[in-house]
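Quick note on my numbering: the sequence shown kicks off at 694 and runs consecutively. Ideal placement from N, C-alpha and C gives every residue a C-beta, glycine not left out. Just so it is clear, the structure is predicted and the values come from calculations on it, not from any experiment. Beneath this line is the structure, given in structure tokens, with notes to follow.
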Amino acid sequence: MERMIFPNLPVADLKTAENFYLGLGFTKDPQFSNDQGTAMVISDSIVVMLLQQDFYQGFLPQGDTPHLASSGKEVLNCLSCDSRDEVDRFLSACQTGGGAVYAPAEERMPGMYSGSATDPDGHVWEFLWMDPANTGEAERTFEVSSNATVQEQNQAL
Numbered sequence: 694m695e696r697m698i699f700p701n702l703p704v705a706d707l708k709t710a711e712n713f714y715l716g717l718g719f720t721k722d723p724q725f726s727n728d729q730g731t732a733m734v735i736s737d738s739i740v741v742m743l744l745q746q747d748f749y750q751g752f753l754p755q756g757d758t759p760h761l762a763s764s765g766k767e768v769l770n771c772l773s774c775d776s777r778d779e780v781d782r783f784l785s786a787c788q789t790g791g792g793a794v795y796a797p798a799e800e801r802m803p804g805m806y807s808g809s810a811t812d813p814d815g816h817v818w819e820f821l822w823m824d825p826a827n828t829g830e831a832e833r834t835f836e837v838s839s840n841a842t843v844q845e846q847n848q849a850l
């Protein structure tokens with residue numbers, strides 16, 4: 694079985710969050726959704742769990758609290774895109790759906806075009822397109838240095 698990822702995000706208003714993610718083109722999985730949480734399918738291996746804040750709290754056994762719309766950011770969710778245009782479409786859809794641009798789209802590194810937006814609860818989503826002409830060298834570098842530390846891999850780039 695292919696490994697999957699299930700980011701769990703606390704939300705203030707489940708319906709608002711659902712509408713935002715539906716507006717990005719993701720689908721709701723009714724089998725794993727109820728009035729406390731919604732499973733939003735991004736791909737066969739990525740399902741975002743939108744959880745009402747009090748329900749989310751139940752997954753924090755050490756008394757931690759969710760940080761909705763706070764200035765602190767722990768995670769930047771990054772989703773690959775098929776083109777520069779898709780990056781721009783995601784950012785536009787985020788704004789239309791009640792989110793806000795967090796970082797405008799631009800080419801931050803050669804061959805890497807990205808921009809990010811926040812959802813209505815302040816969770817940051819980066820949308821990234823990597824030019825296939827530039828990815829071959831990066832893949833080769835990581836393949837050759839797969840036993841290297843992260844610092845060594847970053848230096849290689």
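- Using 8 angstroms as the threshold, is the stretch 717 to 734 in touch with the stretch 758 to 769, meaning 3 or more CB pairs across them? With fewer than three CB-CB distances shorter than 8 angstroms, the stretch 717 to 734 does not count as touching the stretch 758 to 769.
- Item | Phe699 (DSSP reduced to helix, strand or coil) | Note: Phe699 maps to coil in three-state DSSP.
- Task: Please classify Gln729: is it buried, with 16 or more other beta-carbons within 10 angstroms of its beta-carbon, or exposed?
- Result: By the Cβ-count criterion, Gln729 is exposed, with fewer than 16 other Cβ atoms from all chains shown falling within 10 Å of its own Cβ.
- Mind checking who Cys771 pairs with in its DSSP beta bridge? For Cys771, which the question treats as bridged, DSSP gives the partners Glu819.
- Beta-carbon separation (whole angstroms), Gly643 vs Phe713, contact threshold 8 angstroms: This structure does not reach residue 643, given that the chain is present from 694 up to 850, and the question cannot be answered.
- Tell me whether the beta-carbon of Leu761 lies closer than 8 angstroms to the beta-carbon of Leu707. Not a contact, by the Cβ cut-off of 8 angstroms.
- Item | Cα-Cα separation between Met694 and Pro700, rounded to whole angstroms | Roughly 19 angstroms separates the two Cα atoms.
- Nearest-angstrom Cα distance between Glu819 and Leu717? So the two alpha carbons sit approximately 13 angstroms from each other.
- Task: Put Asp781 into one of helix, strand or coil per three-state DSSP.
- Result: DSSP places Asp781 in helix when its eight states are reduced to three.
- Those residues which DSSP pairs with Met742 across a bridge: According to the DSSP secondary-structure assignment, Met742 is paired through a beta bridge with Asn701, Ala732.
- Message: Can you confirm whether the stretch 808 to 824 touches the stretch 790 to 800 when touching is taken to mean that 3 or more C-beta pairs between the two stretches lie within less than 8 angstroms?
- Response: Yes, they touch.
- Cα-Cα separation between Gly751 and Leu702, rounded to whole angstroms: Rounded to the nearest angstrom, the two C-alpha atoms are 13 angstroms apart.
- Cross-strand partners of Ala810 (DSSP beta bridge): In the DSSP assignment, Ala810 is bridged to Val794, Trp818.
- Can you tell which of Val817, Ser776, Ala786 has the C-alpha that lies nearest to the C-alpha of Glu800? Here the closest residue by C-alpha is Ser776.
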